[in-house]
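The structure appears below as structure tokens.
Protein chains in written order, with the working numbering: chain A, 3 to 227; chain P, 3 to 227.
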């Protein structure tokens, strides 16, 4: 029975890692559409979103079944609740990649603004946080989870910087307002991807330490002074 | 044993409703600071946030305990997983009220823009969705849950309208860019409050029908055409 349970647990982790890899790819591809106008990625991102959504439903049901069937001990039960939480975060994180894609898609039909390298940097940080948070979660690695929490500040600092830059841009050349506004919102989408990775890191600590480190202050610093 | 379980279930519901009422008040108070410059609400919102965070931790632990202690049947187990999901949504929804407050607080020190009635309308819709989604959840009322899902479109339509209005404003008078940008972001915060209420409505359907209605397309319509 325990061996059966452990095999199912390994299977849950495998599926979480697969979802996370899909979401990471979605972020990278949405940025390719945004930054390099690679239209061919648009249908790929949408297809991966479907896959993530299906995986999320399956994982929720798998969690319920495992609890009902195996009546796991306190520690395993906490881990399965952690899987359900992480599952929800991954699905919403993937939604943010789609939100970026939607903006990238409408910017395709407009003259390009100057490239904003900070957005690509933000995407790289967010993807790294995602990858590390999942690794921390499935391996119950609290040290790695705490390292993810710290990276969130890097993301927030860049979000504030690009928001100030874009506001200056809009002020100087009002014809850019609509396009620059879309980029402000992309920066927010990337910030939210980081928030979900942070949640997943916190789920790790919730599972391992049986206590809660959530509710560190959310950075919401002035974008324009 | 069943009677004991039912009493604990009633207690879970009571605490969820209390969290939800706190979050509703936080939204109303943050809007008072934003729209009517009522500074005296600032410490109240922050205090309620602490309370929501404490409640969230307690509820997660209560869910774990109930499962471990009572080994509930499939239906009750699904409901408790629904409580854990709804709990997470309520806490993040309250964070959005704090994000609105942070912007309202920095706008206090700047000359007012014209009043944007749509923001107050959006807040009223979002609060109504929150209240109804919780009512639907604790009463397992699928019809009411579906009504909440439909209201999300009202919120999204207003978000798009105010974003277009504010973009026009920024284009005509570049000195308003920084302040108008904050209001665009407030509209996004209100939209996210509606998203969380939608999630809670979907949790209701997940619990009652044992299947999943999530992943209806997320509205992310063009803000500026």
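A virtual CB, placed ideally from N, CA and C, is assigned to each residue, including glycine.
Closest residue to residue i among the options (Cα-Cα distance)
i                     : options                    : result
residue 203 (chain A) : A:130, A:161, A:32         : A:130
residue 199 (chain A) : A:146, A:33, A:76          : A:146
residue 192 (chain P) : P:102, P:72, P:16, P:47    : P:102
residue 178 (chain A) : A:28, A:124, A:113, A:208  : A:113
residue 38 (chain P)  : P:174, P:195, P:115        : P:115
residue 206 (chain A) : A:134, A:166, A:7          : A:134
residue 108 (chain A) : A:22, A:171, A:184         : A:184
residue 94 (chain P)  : P:118, P:70, P:104, P:54   : P:54
residue 153 (chain P) : P:81, P:21, P:126          : P:126
residue 12 (chain P)  : P:61, P:201, P:120         : P:61
residue 186 (chain P) : P:208, P:201, P:160, P:196 : P:160
residue 57 (chain A)  : A:21, A:45, A:44           : A:21
residue 6 (chain P)   : P:72, P:211, P:51          : P:72
residue 59 (chain P)  : P:46, P:47, P:18, P:33     : P:18
residue 29 (chain A)  : A:10, A:14, A:51           : A:51
residue 119 (chain P) : P:34, P:66, P:44           : P:34
residue 128 (chain A) : A:117, A:175, A:96         : A:96
residue 149 (chain A) : A:162, A:132, A:194        : A:132
residue 23 (chain P)  : P:42, P:41, P:47           : P:47
residue 110 (chain A) : A:188, A:194, A:36         : A:36
residue 65 (chain P)  : P:43, P:49, P:92, P:15     : P:15
residue 196 (chain A) : A:136, A:176, A:143, A:210 : A:136
residue 104 (chain A) : A:44, A:90, A:176          : A:44
residue 4 (chain A)   : A:63, A:68, A:40, A:49     : A:68
residue 124 (chain A) : A:144, A:164, A:90         : A:164
residue 139 (chain A) : A:10, A:117, A:210, A:40   : A:210
residue 171 (chain P) : P:201, P:89, P:117         : P:117
residue 157 (chain P) : P:194, P:176, P:144        : P:194
residue 89 (chain P)  : P:63, P:176, P:144         : P:63
Opening and closing residue of the alpha helix (DSSP H) in which residue i lies
i                     : result
residue 78 (chain A)  : 76–109
residue 158 (chain A) : 144–174
residue 141 (chain P) : Run containing residue 141 (chain P): none; DSSP gives neither H nor E here.
residue 22 (chain P)  : 4–38
residue 58 (chain A)  : 44–72
residue 208 (chain A) : 179–211
Exposed unless 16 or more other CB atoms sit within 10 angstroms - verdict on residue i
i                     : result
residue 75 (chain P)  : exposed
residue 8 (chain P)   : exposed
residue 106 (chain A) : buried
residue 26 (chain P)  : buried
residue 77 (chain P)  : exposed
residue 212 (chain A) : exposed
residue 181 (chain A) : buried
residue 141 (chain P) : exposed
residue 99 (chain A)  : buried
residue 167 (chain P) : buried
residue 155 (chain P) : exposed
residue 190 (chain P) : buried
residue 31 (chain P)  : buried
residue 174 (chain A) : exposed
residue 225 (chain A) : Confidence is the limiting factor: at residue 225 (chain A) the pLDDT is only 40, short of 50, which leaves the residue's position unreliable, though a coordinate-based value still follows. Result: buried.
residue 121 (chain P) : buried
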